[in-house]
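J.: Here it is, the structure, as structure tokens.
2 protein chains.
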Amino acid sequence: MIILIILKPKLPVVLDNFKLYLSEKSDLTEAAIDKILKEVRVESIQKGEFLLSAGDVCKHAFFTEKGLLRAFTVDESGKEHIIQFAPENWLISDRSSIYFNAPSDLFIEAIENSTVIFISTEFMGVVSEMSSKFRKANDRALQSHIRQLQHRINQLLGATAEERYLTFIQKYPDLLLRVPLWMIASYLGITPESLSRVRKDLAKKNFKS
Amino acid sequence: MIILIILKPKLPVVLDNFKLYLSEKSDLTEAAIDKILKEVRVESIQKGEFLLSAGDVCKHAFFTEKGLLRAFTVDESGKEHIIQFAPENWLISDRSSIYFNAPSDLFIEAIENSTVIFISTEFMGVVSEMSSKFRKANDRALQSHIRQLQHRINQLLGATAEERYLTFIQKYPDLLLRVPLWMIASYLGITPESLSRVRKDLAKKNFKS
DNA sequence: ATTAGATCTTACCATACATCAAGGCACAGG
DNA sequence: CCTGTGCCTTGATGTATGGTAAGATCTAAT
Chain A
1 MIILIILKPK
11 LPVVLDNFKL
21 YLSEKSDLTE
31 AAIDKILKEV
41 RVESIQKGEF
51 LLSAGDVCKH
61 AFFTEKGLLR
71 AFTVDESGKE
81 HIIQFAPENW
91 LISDRSSIYF
101 NAPSDLFIEA
111 IENSTVIFIS
121 TEFMGVVSEM
131 SSKFRKANDR
141 ALQSHIRQLQ
151 HRINQLLGAT
161 AEERYLTFIQ
171 KYPDLLLRVP
181 LWMIASYLGI
191 TPESLSRVRK
201 DLAKKNFKS
Chain B
1 MIILIILKPK
11 LPVVLDNFKL
21 YLSEKSDLTE
31 AAIDKILKEV
41 RVESIQKGEF
51 LLSAGDVCKH
61 AFFTEKGLLR
71 AFTVDESGKE
81 HIIQFAPENW
91 LISDRSSIYF
101 NAPSDLFIEA
111 IENSTVIFIS
121 TEFMGVVSEM
131 SSKFRKANDR
141 ALQSHIRQLQ
151 HRINQLLGAT
161 AEERYLTFIQ
171 KYPDLLLRVP
181 LWMIASYLGI
191 TPESLSRVRK
201 DLAKKNFKS
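So the protein sequences, as listed, match chains A and B.
Each residue of the first sequence is one higher than the one before, counting from 1 in full-length UniProt numbering.
Each residue of the second sequence is one higher than the one before, counting from 1 in full-length UniProt numbering.
Structure (structure tokens):
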């Protein structure tokens with residue numbers, strides 16, 4: 001048997017998204033940002049690879065430079081429940097696990113081949129020192145996170161599967177095209193079969209797209 | 001008609017719980033705490049009175065010195081969904097509303113006659129300036145809050161009504177005795193009738209307490 | 001080209017929970 | 001004492017969603 005290995009020249013990774021992110025959220029000069037970028041840990045993650053598994057202590061937040069990640073839990077009966085998707089320019093992590101240094105109950109997995117930036121607590125500390133704007137942006141993100149969690153709880157308490165689906169496609173129209181439906185079902189808290197029926201009903205009601 | 005008004009002498013309000021709270025969460029001297037306590041806004045809230053209504057911008061966090069508060073939303077079909085209970089020593093507020101200066105979608109109501117301390121952003125700022133321990137304790141509370149919201153989402157996604165009820169009484173055994181069952185049902189995201197049946201089933205299975 | 005695997009759909013039946021209606025109980029107010 | 005009101009329960013029935021199984025596509029690997 002002949003094995004053919006093709007070695008592509010390793011291309012320098014482009015971090016345009018993360019660079020833009022830093023320049024928007026902080027008041028650092030471009031020079032300072034470029035310097036930071038050189039120190040930052042970047043990895044290419046293949047579809048299906050895990051950045052965090054339940055039981056591990058989460059040590060980084062992950063910034064999706066390219067691709068798509070998801071965070072999910074697995075309950076006692078083995079069912080997955082998707083907590084969050086993270087396409088380009090999103091941060092994903094287990095905040096409590098990082099903060100309390102406690103084992104996470106989340107899995108974080110790439111669902112497309114992705115380029116991911118590893119953001120450590122130290123990194124956050126350093127940049128926060130350098131830029132008060134950055135600090136404020138992070139405060140704000142934290143509050144938004146809480147707001148979003150509240151909203152999700154409300155939906156789960158009060159809305160039907162169909163309503164939740166409609167909210168989802170309105171909030172994340174791009175994800176609808178990139179994520180398999182069964183994952184959307186998991187995010188919504190229903191089975192893929194139910195989602196299929198919901199979509200059928202909506203189609204019957206002349207719902208477009 | 002004769003109207004009889006009895007004027008009780010206004011008793012000085014005791015703030016033992018809040019005082020203890022401050023001394024645990026901060027490294028301030030007792031003298032400093034006593035000074036703070038004199039400035040703090042305290043109100044007696046009758047059962048059924050509201051501290052916040054949907055549409056208002058939330059201006060304070062509320063510390064329950066005595067009594068019991070609840071926060072809830074009302075959905076389009078008029079159904080209430082309880083977000084949180086706050087017995088003694090708990091803080092309750094709409095963080096996002098305060099932070100973003102945006103109209104809240106929460107109601108906060110006293111479900112027992114209560115003594116409530118109004119905690120403004122300025123108050124938080126002042127005490128945070130005085131004590132780094134206090135600042136850290138607040139950070140920690142914020143992270144715990146997120147953790148708790150995550151947990152609730154997980155329960156709603158994955159657990160049955162019965163499981164959620166069992167979690168509730170294990171986590172808040174004291175509330176079970178103080179809160180009407182229909183409110184617990186609302187917190188769990190089920191109807192009072194369903195909760196009644198869940199309890200009946202548990203009783204059949206020899207479940208104690 | 002063939003196969004295997006993943007995804008999505010559909011049909012049928014099962015179950016959890018909601019809804020509606022009625023009744024019991026406790027407690028407060030006239 | 002009676003009466004209303006709020007809370008809880010129970011039964012009958014409805015509905016949304018789950019579970020199982022099968023088939024249709026589609027893609028990727030052999």
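The C-beta atom is built at its ideal place from N, Cα and C for all residues, glycine as well.
A quick note: this is a predicted structure, and the numbers were derived from the prediction, not measured.
#1: Less than 7 angstroms between the beta carbons of residue 63 of chain A and residue 108 of chain A, yes or no?
#2: Please list the partners that residue 150 of chain B has in chain A, where partner means a Cβ-to-Cβ separation under 8 angstroms.
#3: With 16 as the cutoff for other CB atoms within 10 Å, does residue 276 of chain A come out buried or exposed?
#4: Give the DSSP-derived three-state secondary structure of residue 194 of chain A in the structure shown.
#5: Whose C-beta lies closer than 6 angstroms to the C-beta of residue 61 of chain A among residues of the same chain, with five residues either side of it excluded?
#6: Could you say which of B:166, B:147, B:89 and B:137 lies nearest to residue 187 of chain B if we only look at CA atoms?
#7: Pull up the CB-CB distance for residue 68 of chain B and residue 152 of chain B, whole angstroms please, since I reckon it's below 8 angstroms.
#8: Check this for me: beta carbons of residue 78 of chain B and residue 81 of chain A, under 7 angstroms apart or not?
#9: By the criterion of Cβ-Cβ separation under 9 angstroms, what are the contact partners of residue 100 of chain B in chain A?
#10: Who are the Cβ neighbours of residue 164 of chain B in its own chain at under 6 angstroms, not counting the five residues just before and after it?
#11: Could you tell me the distance, in whole angstroms, from the CA atom of residue 47 of chain A to the CA atom of residue 74 of chain A?
#12: Checking 7 angstroms against the spacing of the C-beta atoms, do residue 103 of chain B and residue 40 of chain B come in under that value?
#13: I'd like to know whether the C-beta of residue 201 of chain B is nearer than 7 angstroms to at least one C-beta of chain A.
#14: Is any beta-carbon of chain B found at less than 7 angstroms from that of residue 157 of chain A?
#15: Does DSSP put residue 84 of chain A in a helix, a strand or coil?
#16: Can you find a CB in chain A that lies within less than 7 angstroms of the CB of residue 3 of chain B?
#17: Using a Cβ distance threshold of 8 angstroms, determine whether the region 189-198 of chain A contacts the region 18-33 of chain B, with at least three qualifying pairs required.
#18: Against residue 79 of chain B, what residues of chain A qualify as contacts under a CB-to-CB distance less than 8 angstroms, listed in chain order?
#19: Please compile the residues from chain A whose C-beta is within a distance smaller than 7 angstroms of the C-beta of residue 73 of chain B.
#20: Take residue 112 of chain A as the anchor and find which of A:97, A:201 and A:44 has the nearest alpha-carbon.
#21: Taking only the alpha-carbon atoms, compute the straight-line gap between residue 168 of chain B and residue 185 of chain B and give it to the nearest angstrom.
#22: Residue 32 of chain A: which of A:51, A:88, A:49 and A:129 sits nearest, CA to CA?
#23: Taking 7 angstroms as the threshold (beta carbon to beta carbon), is residue 125 of chain B in contact with chain A?
#24: With a threshold of 16 other CB atoms inside 10 Å of the CB of residue 53 of chain B, please say whether the residue is buried or exposed.
#25: What is the C-beta distance between residue 110 of chain A and residue 49 of chain A, in whole angstroms, given that I count them as a contact (C-beta under 8 angstroms)?
#26: Kindly indicate if chain A contains any beta-carbon less than 7 angstroms away from that of residue 189 of chain B.
#27: How many angstroms separate the CA atom of residue 148 of chain A from the CA atom of residue 97 of chain B?
#28: By the three-class DSSP mapping on this structure, what secondary structure does residue 8 of chain A have?
#29: Let me make sure I understand the geometry here. Which of A:201, A:204 and A:126 has the alpha-carbon closest to that of residue 26 of chain A?
#30: For the beta strand (DSSP E) that contains residue 114 of chain A, what are its first and last residues?
#31: For residue 173 of chain B, which three-state DSSP category applies?
#32: How should residue 66 of chain A be labelled, buried or exposed, when 16 other C-beta atoms within 10 angstroms of its C-beta is the threshold for buried?
#33: Check residue 167 of chain A in the structure and name its three-state DSSP category.
#34: Give the straight-line distance between the Cα atoms of residue 37 of chain B and residue 174 of chain B, rounded to the nearest whole angstrom.
#35: Could you pull the start and end residues of the beta strand (DSSP E) that residue 44 of chain B belongs to?
T.: Concretely, from the data shown:
#1: No, Cβ-Cβ distance for residue 63 of chain A and residue 108 of chain A is not below 7 angstroms.
#2: The contacting residues are 83, 96 and 149.
#3: Residue numbering for chain A in the displayed model covers 1 to 209; residue 276 of chain A lies beyond these limits and cannot be assessed.
#4: In the structure shown, residue 194 of chain A sits in a helix (DSSP, three-state: H, G or I).
#5: Within the same chain, residue 61 of chain A has close Cβ partners 91, 93 and 119.
#6: Considering only alpha carbons, the answer is B:166.
#7: Taking the Cβ atoms as the reference, residue 68 of chain B lies roughly 19 angstroms from residue 152 of chain B, outside the contact range of under 8 angstroms.
#8: No, these two residues do not count as a Cβ contact at 7 angstroms.
#9: Those are 140, 143, 144 and 147, listed as they occur along chain A.
#10: Spatial neighbours of residue 164 of chain B in its own chain (CB-CB distance under 6 angstroms, excluding positions within 5 residues in sequence) are listed in chain order as 155 and 188.
#11: Just so you know, the alpha carbons of residue 47 of chain A and residue 74 of chain A end up roughly 19 angstroms apart.
#12: Cβ atoms of residue 103 of chain B and residue 40 of chain B: not closer than 7 angstroms.
#13: No, residue 201 of chain B lies away from the interface with chain A (no Cβ there is under 7 angstroms from its Cβ).
#14: Yes, residue 157 of chain A counts as interfacial toward chain B.
#15: Strand, per DSSP.
#16: Bear in mind that a pLDDT of 42 at residue 3 of chain B, under 50, signals an unreliable position, so the number given afterwards is only what the model happens to contain. Not an interface residue.
#17: Touching, no, given that fewer than three Cβ pairs across the two stretches are closer than 8 angstroms.
#18: Within chain A, the residues near residue 79 of chain B are 158.
#19: Under a criterion of Cβ atoms nearer than 7 angstroms, the residues of chain A adjacent to residue 73 of chain B are, in order, 154.
#20: Nearest in C-alpha terms to residue 112 of chain A, of all of A:97, A:201 and A:44, is A:44.
#21: About 10 angstroms.
#22: Looking at the Cα atoms, A:129 is the closest of the given residues.
#23: Not closer than 7 angstroms to any Cβ of chain A, the Cβ of residue 125 of chain B fails to qualify, so no.
#24: Counting every other CB atom within 10 Å of its CB across the protein chains shown gives residue 53 of chain B a total below 16, marking it as exposed.
#25: Indeed they touch by this definition, with Cβ atoms about 5 angstroms apart.
#26: Closer than 7 angstroms: yes.
#27: C-alpha separation (whole angstroms): 12 angstroms.
#28: Reliability of the predicted coordinates at residue 8 of chain A is poor, the pLDDT of 47 falling under 50, and no value is obtained from them.
#29: For the residues A:201, A:204 and A:126, the minimum Cα distance to residue 26 of chain A belongs to A:126.
#30: Membership of residue 114 of chain A in the beta strand (DSSP E) is indicated by the continuous run 114-120.
#31: The answer is helix: DSSP assigns residue 173 of chain B an H, G or I state.
#32: Its Cβ being crowded by 16 or more others within 10 Å, residue 66 of chain A is buried.
#33: Helix at residue 167 of chain A.
#34: Distance between the alpha carbons of residue 37 of chain B and residue 174 of chain B is about 28 angstroms.
#35: Taken as a continuous stretch (DSSP letters only), the beta strand (DSSP E) holding residue 44 of chain B covers 41-45.
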